[in-house]
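Q: Residues in the sequence shown are numbered consecutively from 29, following the numbering used here. In this text, a Cβ means the ideal position worked out from N, Cα and C, and glycines have one as well.
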Amino acid sequence: MSLHLLLFWTFFKISLFSIGGGYNMVPLIQHEVETRHWLPPGRFIDMLAVSEATPGPIAVNVATFAGYQVAGVSGATVATVGVCLPGAILLMALGLLIGPLRQKPAFRATMRGLMPVLVGLLAATALRLGHGLLPDAPTWAALLPPALIFAASLALIQWRQLPPLPLLAGAAATGILLQLIGI
């Protein structure tokens, strides 16, 4: 299979079988990218941070950046089309069917059953990504700055509805400051 076809199929497959949006695709994309050695170790979390700061859906941004890293502009194009196509096809098909189904008890029960799984996928992704922030032998002193930044970010998002861009800029500035003062 050619590299471009493999890129397309990988992102098409991830998008086709993912439920709940882009953040739930992140662990699947990470698995594929790392298993296929498309990015050097540790590079995925950097790419994810850039994808989060870039306008647009996270899964599309990650697919675009990963495709670019693997095969340049043409790789970015096929990975992006691959990740977008299943949703576009499904959205058109569901648009025709969803209206009458919303009132069916089986449909509502299915949605109630899927919600906890989606929350679990998000939590697992957060834990996996957070683990990459820690040193090999974490001490309480090493854990304190990331924990405080996490808590402040959570509070600003939850209670102040701070948009992501100022939050990311503030967190980046805090990280630089902590590095400069040796923490």
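Can you tell me where the alpha helix (DSSP H) with L190 in it begins and where it stops?
A: Careful: L190 lies outside any alpha helix (DSSP H) and carries neither H nor E.
Q: I need the straight-line Cα distance from V145 to A169, nearest angstrom please.
A: Straight-line Cα distance between these residues: approximately 34 Å.
Q: Could you have a look at H32 and say whether DSSP puts it in helix, strand or coil?
A: helix
Q: Mapping DSSP to helix, strand and coil, what is T82?
A: coil
Q: When burial is assigned at 16 or more other CB atoms within 10 Å of the CB, is A87 buried or exposed?
A: A residue is called buried when at least 16 other Cβ atoms come within 10 angstroms of its Cβ; A87 meets this threshold and is buried.
Q: Considering only their Cβ atoms, is the gap separating S102 from N89 smaller than 7 Å?
A: Taking a C-beta distance under 7 Å as the contact criterion, N89 and S102 do not qualify as a contact pair.
Q: Since V106 contacts L56 with CB under 8 Å, what's their CB separation in whole angstroms?
A: Not really, about 18 Å apart at Cβ, beyond 8 Å.
Q: Which two residues bound the contiguous alpha helix (DSSP H) that contains R130?
A: Counting along the chain, R130 falls outside any alpha helix (DSSP H), and DSSP gives it neither H nor E.
Q: Buried or exposed: where does A99 fall if 16 or more other Cβ atoms within 10 Å of its Cβ makes it buried?
A: A residue is called buried when at least 16 other Cβ atoms come within 10 angstroms of its Cβ; A99 meets this threshold and is buried.
Q: Between A199, L142, G127, which lies nearest to A81 when the distance is taken from Cα to Cα?
A: A199
Q: Here's a check: name, in chain order, each residue in its chain whose Cβ is nearer than 7 Å to the Cβ of T202, leaving out the five neighbours to either side.
A: I177
Q: If you follow the alpha helix (DSSP H) that H59 is part of, which residue opens it and which one closes it?
A: 50-63
Q: State the CB to CB distance for the pair P19 and S43, rounded to an integer number of angstroms; the pair is presumed to be in contact (CB under 8 Å).
A: Given a span of 29 to 211 for the chain in the structure shown, any question on residue 19 remains unanswerable.
Q: Return the CA-CA distance between G212 and G210, expressed in angstroms with no decimal places.
A: In the structure displayed, the chain extends from 29 to 211; residue 212 sits before or after that span and is not available.
Q: Using CA atoms only, rank isn't needed, just tell me which of E62, G95, H65 is closest to F40.
A: G95
Q: Excluding sequence positions up to five away, which residues of its chain have a Cβ less than 8 Å from the Cβ of L119?
A: none
Q: On a Cα-Cα basis, can you pick out the residue from I185, P173, F135, A137 that is closest to Q207?
A: P173
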